[in-house]
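One point on numbering: in the working numbering, the residue at position 32 of the sequence shown is 13, and numbering is uninterrupted.
Idealized CB from N, CA, C, for every residue including glycine.
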Amino acid sequence: MTEPQAMLAVNESDIKALGNLLPTLPAHIKTVPDAVATLLVARELGLQPMTAFPDLMVINGTVGMTSKLMLGLVHKAGHRVDVISMTDEEAELDAYRRYDGEWTKVGTFTFTMEQAVTAKLAKKDTYVQYPADMLMNKAIARMVRFAFPDVIRGYVPDEMEEITGVEFGNAAHMAPLEDPLTEDEIVEVFDAEIVEDGEDTDRQQFADIGINVADLTGS
-18 MTEPQAMLAV NESDIKALGN LLPTLPAHIK TVPDAVATLL VARELGLQPM
32 TAFPDLMVIN GTVGMTSKLM LGLVHKAGHR VDVISMTDEE AELDAYRRYD
82 GEWTKVGTFT FTMEQAVTAK LAKKDTYVQY PADMLMNKAI ARMVRFAFPD
132 VIRGYVPDEM EEITGVEFGN AAHMAPLEDP LTEDEIVEVF DAEIVEDGED
182 TDRQQFADIG INVADLTGS
């Protein structure tokens, strides 16, 4: 086990406590191992577990994050996001990072209904009922991966390729650019977050951040 993994290690008392708490946790956390994995990622991201549990989910050994939590982490890190448009046809965001006291635009990120159709997402119930919300979720997920990878600790969604069959771009740490980035033409299929209240446990409604649980636990 590496030093970072040791720092994140869960002891027996933690596991026992999670077992006792399991019935009170969100419905998508079904097992103690899921709860442990979620706890590890919450710690890694500097989040209070009970605050993070509703917005983190284990998907085939990979922990997913809602776009709501992604955006919250971006704001917490002191960065800026401007909403340019949010309609039933398109969501568009401008992303800014603060360098030496100055705001630097690092990209414009969009997700359109046309892209949702291409990705075979548009006919899903959530897209039919809440199109503007779902497009915004996708735009946020794309923005965080490419403009703020360090905010989610630089993890990339490589593991999700074998689950979804989609090839994801490598969200390497991004340096300030002389010219702002334009929208990437590659259509990426991100899982979407829950857009209505209630215990909807559909795993397709969570945005993946590609944190491999085995890497954290050393198993």
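As a quick exercise: from Ala8, His9, Leu52 and Leu37, pick the residue whose alpha carbon is nearest that of Pro130. Leu52
Three-pair Cβ contact test at 8 Å for the segment 66 to 73 versus the segment 89 to 97: Inter-segment contact for the segment 66 to 73 and the segment 89 to 97 is present: three or more beta-carbon pairs are separated by less than 8 Å.
Distance, Cα to Cα, Asn1 vs Val22? Whole-angstrom Cα-Cα distance: 20 Å.
Taking contact to mean at least 3 C-beta pairs separated by less than 8 Å, is the segment 104 to 112 in contact with the segment 30 to 38? no
Contact between the segment 81 to 90 and the segment -5 to 10: three or more CB pairs below 8 Å? no
Length of the line joining the Cα atoms of Ala97 and Lys(-3): 43 Å
Which same chain residues, not among the five before or five after Ala16, have their C-beta less than 7 Å away from its C-beta? Sequence-distant partners of Ala16 (beyond 5 residues in either direction) whose C-beta falls short of 7 Å from its own C-beta, in its chain, are Leu(-1), Leu3, Leu6 and Ile10.
Quick check: Leu54 and Val44, are their CB atoms within less than 8 Å of each other? no
With Ala76 as the anchor, note down where its beta strand (DSSP E) starts and where it stops. Boundaries of the beta strand (DSSP E) around Ala76: Glu71 to Tyr80.
Which whole-angstrom value is the C-beta distance of Met124 and Leu74, which I expect to be below 8 Å? 5 Å
DSSP bridge partner residues for Leu37 (one or two, in chain order): Met46
Residues of its chain near Val13, where Cβ-Cβ distance is below 6 Å and the 5 sequence neighbours each way are ignored: Leu(-1) and Gly0
Helix or strand or just coil, what does DSSP make of Ile10? coil
Distance check for Arg134 and Val62, CA to CA, integer angstroms please. 19 Å
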